[in-house]
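Asker: Chains as they are written, first to last, in my numbering: chain A, -14 to 94; chain B, 30 to 145.
C-beta atoms are modelled at their ideal positions from N, C-alpha and C, and glycine is treated no differently.
In this text the structure is predicted, and so the values were computed from the model without any measurement.
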Amino acid sequence: RKEVEQDPGPFNVPEGATVAFNCTYSNSASQSFFWYRQDCRKEPKLLMSVYSSGNEDGRFTAQLNRASQYISLLIRDSKLSDSATYLCVVKSNDYKLSFGAGTTVTVRA
Amino acid sequence: GAVVSQHPSWVICKSGTSVKIECRSLDFQATTMFWYRQFPKQSLMLMATSNEGSKATYEQGVEKDKFLINHASLTLSTLTVTSAHPEDSSFYICSAPEVAAGDTQYFGPGTRLTVL
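Dropping the structure here:
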């Protein structure tokens, strides 16, 4: 079983729409959780950390459910520039990051 | 934010040659760096943890004699792909955690290796 599993998508949405997707992780001892964004042929870039109480950063909202071991990301009022692959990332207590395979989002005009 | 650089950004080589990739933390020190590999449409897979002043720790299934890692200073780690073959063609990315930023991981821009 993979450490981090994501729905690969793709999610094709019109501009202005809301899109949401989840990931699940297998290691209940995982310490920290993140969403990264990766554009084609580029390195991943941190989008936001995910906290147990849930957190927002502009149009992005992340939620963590430790009991069910899943993490979600919601994007409101989608922009064309939001088109990317979103990586769910889980960190163990030794700095190692485990990556999901990514969820592809395409926002169309 | 902190910057991590990689060099070269892309390389094409013949089968059987060795290729060295450098990863540098430009404005912070990193006692630990990580090397990942990403094949098309797949996730980043951790290959090894590079430790300054000591041996690297390799993930299961990664050959340490094929992927040589040297972390000789607090700002530089190198990955050498020895006797490269076409199946080693991939996107290699390094990352380094910055302690001052709460261990936020910063990624290098990646090195695209193509072995002919």
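By Cβ distance below 6 Å, which residues in the same chain neighbour S54 of chain B in space, the five residues on each side in sequence not counted?
Answerer: V33, T104, A125
Asker: Measuring CB to CB, does N12 of chain A end up less than 8 Å from E(-12) of chain A?
Answerer: yes
Asker: Spell out the partners DSSP gives R66 of chain B in its beta bridges.
Answerer: B:M74, B:Y121
Asker: Please state the DSSP three-state secondary structure of P115 of chain B.
Answerer: helix
Asker: Are there three or more Cβ pairs, one per stretch, closer than 8 Å when the region 9 to 23 of chain A is compared with the region 40 to 56 of chain A?
Answerer: The answer is yes - the region 40 to 56 of chain A touches the region 9 to 23 of chain A, with three or more Cβ pairs under 8 Å.
Asker: Contact criterion: CB-CB distance below 8 Å. Does I122 of chain B meet it with respect to chain A?
Answerer: yes
Asker: Taking DSSP as the reference, what is the three-state secondary structure of S34 of chain A?
Answerer: strand
Asker: Against chain B, with Cβ distances strictly below 8 Å, would Y80 of chain A count as a contact?
Answerer: yes
Asker: Taking the alpha carbon of Y121 of chain B as the reference point, which residue from B:I98, B:D94, B:K84, B:D56 has its own alpha carbon closest?
Answerer: With distances taken between Cα atoms, Y121 of chain B lies closest to B:I98.
Asker: Inspect the CB distances between the region 20 to 32 of chain A and the region 129 to 139 of chain B and report whether three or more fall short of 8 Å.
Answerer: yes
Asker: Leaving out five residues on either side along the sequence, give the residues of the same chain with a beta carbon under 6 Å from the beta carbon of S106 of chain B.
Answerer: C52, M62, S79, H100
Asker: With distance defined between alpha-carbon atoms, name the residue in A:A94, A:A86, A:Y80, A:V92 nearest to Q16 of chain A.
Answerer: A:Y80
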